[in-house]
Amino acid sequence: MCCQGYRSELAVRELTYNYDMQYDMMARSSMEAGPSSEISPTMDQCHSSSLQRKKRRLHADQRAQLTYQKIAAERKAEKEKRQLEREKRQKVLEEYTSIKQRMNKALLKKNKRGQPNLNAQIEVLLEKIEKRMQKGKIDGFMTDGKTRPPKPNEFHYRCNHLYMAASLLCSQSSGNSGLEMLSKLYLREMKELCSVEMIRLEKDFGRTICKRCKNIFIARPDGTQSITVRLNRKKQMIRTCLSCGAKKRFARNSTYLSRNEQNQHQIGIEGQQQQNNDIYKSTFSERISLNVSQNYALHFG
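According to my numbering, the sequence shown holds residues 2 to 302 in order.
Okay, structure coming up:
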């Protein structure tokens, strides 16, 4: 059995050797015959497949090189950006330390009586304010000498949306407990959001919500109201919730202004005062010029 297996292996090797020799002879004869001779289809197929492999390798190398160059350029740009940010932070830190050192020196200065020298401290503070004015920002609300409102806050928008949704659902909930429950859920979400994000609500929002049943005081589609308001002898306004019967008393104050109304009122008062001062200055200058002209006419007329 061993001899038969060995002989079969030798026969296979001999056949493969003869096949390889024939293939080499065919290739040599085709190369010697020149381009005019016919090339076997197997040789042509092998040659075309080798060319395709070479092209694929070349394209893969080019793609790898381009990818490497792109990654290197991105890393270089990120490195330069980090370097610029580091230099900017270092510059800001140096300015802050210099101002702090000067402020500490000003705090240590004393006058002849041994008291703190306030003039030196005021000079440092004025210089700090001038630098902020040059940058065009004071407390984040100043740009090129013009005041601008603060940036919009996402949580404020969410609170307003929840309150408006709760008001709409409550106004449509005439005899429908499901809408009222959903409205109360929205109000609860708004309250939790305000407590987490530390948002201060206006008192007007709280006065539109019942403390006991968490229901919004708003008219229903059929015209019915959710509260009744009346005045008593103590000049108090009594508000009664028709859902749970909770009562709330408010002192009657005709001069009451909310926080926004107070700001608007203060701005109006300041504008009126400025206008009055301008009028007073103009009339005073006119009187002085008139007196000077009269005196000149009396002495030299």
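Beta carbons: idealized from backbone N, C-alpha and C, even for Gly.
{"Item": "Could you check how far apart the C-beta atoms of Cys171 and Ile100 are, in whole angstroms? I think they sit under 8 Å.", "Value": "Wrong, their Cβ atoms sit about 55 Å apart, outside the cutoff."}
{"Item": "Pull the bridge partners of Thr238 from the DSSP assignment, please.", "Value": "Before going further, note that residue 238 is Met rather than Thr in the sequence given. BP columns for Met238 point to Leu232, Phe251."}
{"Item": "Rounded to whole angstroms, what's the CA-CA distance from Leu94 to Arg87? Just pull it up for me.", "Value": "10 Å"}
{"Item": "List the endpoints of the continuous alpha helix (DSSP H) containing Lys110.", "Value": "First-last for Lys110: undefined, no H or E at that position."}
{"Item": "Let me know the secondary structure DSSP gives Ile130 once reduced to three states.", "Value": "helix"}
{"Item": "How about the segment 218 to 231 and the segment 252 to 268: do they share at least three Cβ pairs that are nearer than 8 Å?", "Value": "no"}
{"Item": "Would you say the segment 204 to 219 touches the segment 241 to 248, given that touching needs at least three Cβ pairs under 8 Å?", "Value": "yes"}
{"Item": "Under the criterion of a Cβ to heavy atom distance below 7 Å, does Cys171 qualify as lining the ligand FAD?", "Value": "In terms of ligand content, the structure shown is empty, and the ligand FAD therefore cannot be addressed."}
{"Item": "Give the C-beta separation of Met238 and Arg253 to the nearest angstrom, bearing in mind that I take them to be a contact with Cβ-Cβ under 8 Å.", "Value": "6 Å"}
{"Item": "Using the three-state DSSP reduction, which class does Ile200 fall into: helix, strand or coil?", "Value": "coil"}
{"Item": "Within 8 Å, do at least three Cβ pairs link the segment 174 to 186 to the segment 122 to 138?", "Value": "no"}
{"Item": "Beta-carbon separation of Met191 and Cys160 under 8 Å?", "Value": "yes"}
{"Item": "Whole angstroms is fine: what's the gap from Tyr164's alpha carbon to Lys110's?", "Value": "56 Å"}
{"Item": "Taking the CB atoms as reference points, tell me whether Phe251 and Ile200 lie closer together than 8 Å.", "Value": "no"}
{"Item": "Report the CB separation of Leu108 from Pro117 in whole angstroms; it is logged as a contact under 8 Å.", "Value": "7 Å"}
{"Item": "If the criterion is Cβ atoms closer than 8 Å, does the pair Ala167 and Leu188 meet it?", "Value": "yes"}
{"Item": "With DSSP as the reference, label Ile217 as helix, strand or coil.", "Value": "strand"}
{"Item": "Report the residue from Leu67, Lys236, Asp205, Gln265 whose alpha carbon sits nearest the alpha carbon of Ser255.", "Value": "Lys236"}
{"Item": "With distances taken Cα to Cα, identify the nearest neighbour of Leu169 among Ile219, Ser283, Arg208.", "Value": "Ile219"}
{"Item": "From which residue to which residue does the alpha helix (DSSP H) around Cys160 run?", "Value": "155 to 172"}
{"Item": "For Ser196, is the classification buried or exposed, using 16 other Cβ atoms within 10 angstroms of its Cβ as the cut-off for buried?", "Value": "exposed"}
{"Item": "Using the Cβ count rule (16 or more neighbours within 10 Å means buried), how would you classify Ser184?", "Value": "buried"}
{"Item": "Which value, in whole angstroms, describes the spacing of the CA atoms of Ile72 and Ala78?", "Value": "10 Å"}
{"Item": "Per DSSP, which one or two residues make a beta bridge with Pro117?", "Value": "Lys111"}
{"Item": "How many angstroms separate the CA atom of Glu124 from the CA atom of Lys92?", "Value": "22 Å"}
{"Item": "From His266 to Gly224, what does the alpha carbon distance come to, in whole angstroms?", "Value": "35 Å"}
{"Item": "Distance check for Tyr158 and Gln273, CA to CA, integer angstroms please.", "Value": "34 Å"}
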